[in-house]
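For the sequence shown, counting from 1, position 58 maps to 58 in the numbering used here; every step adds exactly one.
Some notes on the structure that comes next.
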Amino acid sequence: MNPQMGEFVGGCVSGAAQIVSGHPLDTVKVRLQTQPATRPLYTGTLHCFVKMVRSEGVAGLYKGMSSPLHGVVAVNALIFGVQGNVLRLLPGGGDSLANQSLAGMVAGAAQSLLACPLELAKTRMQVQGITDTSGQPLHRSPTQYLRQVYRAHGLRAVYRGFNVTLLRDIPGFGAYFLPYEYLRRLLTPAGGHPDDLSVPWLMLAGGLAGSISWLASFPQDVVKTRFQMDDPARPRFRSATHCALESARQEKLRVFARGLCPLLLRGFLTNAIILPVNTLFRRYVIKDDSRQPE
């Protein structure tokens with residue numbers, strides 16, 4: 001397969017596995033981030049998980065999943081396609097860990113264009129069951145919600161939170177590809193090659209890289225989620241900066257750690273799948289070693 005096109009295809013394949021395996025923990029994370037500080041509904045990750053299953057069934061954990069699934073082809077193709085092809089353009093390619101980080105940051109910026117509206121719709125779907133009391137869903141699907149927002153408030157409302165999405169994803173993806181490549185090299189036996197690393201070691205490297213990337217971008221994710229949850233018709237926050245300042249003033253700095261536990265767990269589990277799958281796809285389907293260190 002053509003290496004340039006293969007990068008995009010590999011991103012699609014590995015991304016689908018990531019979404020299906022990690023969405024329940026993402027829903028728990030969003031619920032914890034958006035619950036009111038004065039009357040919290042959940043005491044922690046496990047309590048939120050159990051309470052959701054009891055009141056909304058297992059299906060409640062998968063609310064909003066169609067949004068990332070609909071966009072998974074484009075989003076993950078952008079992430080891995082852009083990162084892989086940017087590496088080919090940089091002097092030294094994949095030999096340099098700095099290049100791995102720089103290419104990841106470019107990929108993070110590119111995928112934000114799609115991630116922002118998709119996550120806006122996903123978040124709205126995930127919090128249904130908290131914000132409504134009628135028993136009927138406020139929005140039938142993520143697509144229906146985005147159409148509704150666009151008709152009522154225009155494109156700016158669809159891209160609400162785009163700036164803070166960039167601030168999350170540029171450093172987040174820079175801190176995603178670098179530790180994965182570093183850990184692959186670290187775990188490779190003396191005299192061996194990172195491309196020959198076994199699947200269990202690839203999964204460990206991928207899982208740790210996923211958790212590290214969220215540590216670099218989690219406060220921004222809290223602000224993005226809260227800002228996107230704001231009603232565009234009656235906004236509480238003038239900007240993402242105002243959202244961050246008001247959140248800190250009302251709930252202290254601990255607000256920026258809300259939902260961190262399920263997200264770190266999700267980051268480990270999903271990236272123990274997505275990064276090894278992408279690596280194996282490149283190894284056996286693309287059959288391209290141009291990015292790997294000598």
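The C-beta atom is built at its ideal place from N, Cα and C for all residues, glycine as well.
Taking a 10 Å sphere around the C-beta of Arg160, we find 16 or more other C-beta atoms and assign the residue as buried. The Cβ neighbour count for Pro276, taken over all protein chains shown within 10 Å, is at least 16; the residue is labelled buried. Counting every other CB atom within 10 Å of its CB across the protein chains shown gives Ala190 a total below 16, marking it as exposed. In this structure, Thr123 sits near Val30, with a CB-CB distance shorter than 7 Å. Unbroken alpha helix (DSSP H) runs of no fewer than 4 residues, entirely contained in the region 45–120, are found at 45–56, 66–89, following chain order. Here the alpha carbon of Gly174 sits roughly 12 Å from the alpha carbon of Leu166.
The beta carbon of Pro232 sits closer than 8 Å to the beta carbons of Val149, Ala152, His153, Ala157, Arg160 from its chain, once the five residues preceding and following it are set aside; these are given in chain order. Under the three-state reduction of DSSP, Thr43 is assigned to coil, being neither helix nor strand. Cβ neighbours of Asn271 within its own chain (closer than 7 Å, five residues either side excluded): Gly206, Gly207, Ala209, Gly210.
Counting the other CB atoms within 10 Å of its CB gives Ser55 a total below 16, which places it among the exposed residues. Leu178 is a Cβ neighbour of Leu97, given a cutoff of 7 Å. By the beta-carbon neighbour count (other beta carbons within 10 angstroms, threshold 16), Ser239 is exposed. Note on geometry: alpha-carbon atoms of Ser213 and Pro235 lie some 30 Å from one another.
Proximity to Glu246 across Phe227, Pro262, Leu260 peaks at Phe227, based on C-alpha coordinates. CA-to-CA, the gap between Phe162 and Leu215 works out to about 20 Å. Apart from sequence neighbours up to five positions away, the residues of its chain that approach Pro117 with a beta-carbon distance below 8 Å are Leu146, Val158, Tyr159, ordered along the chain.
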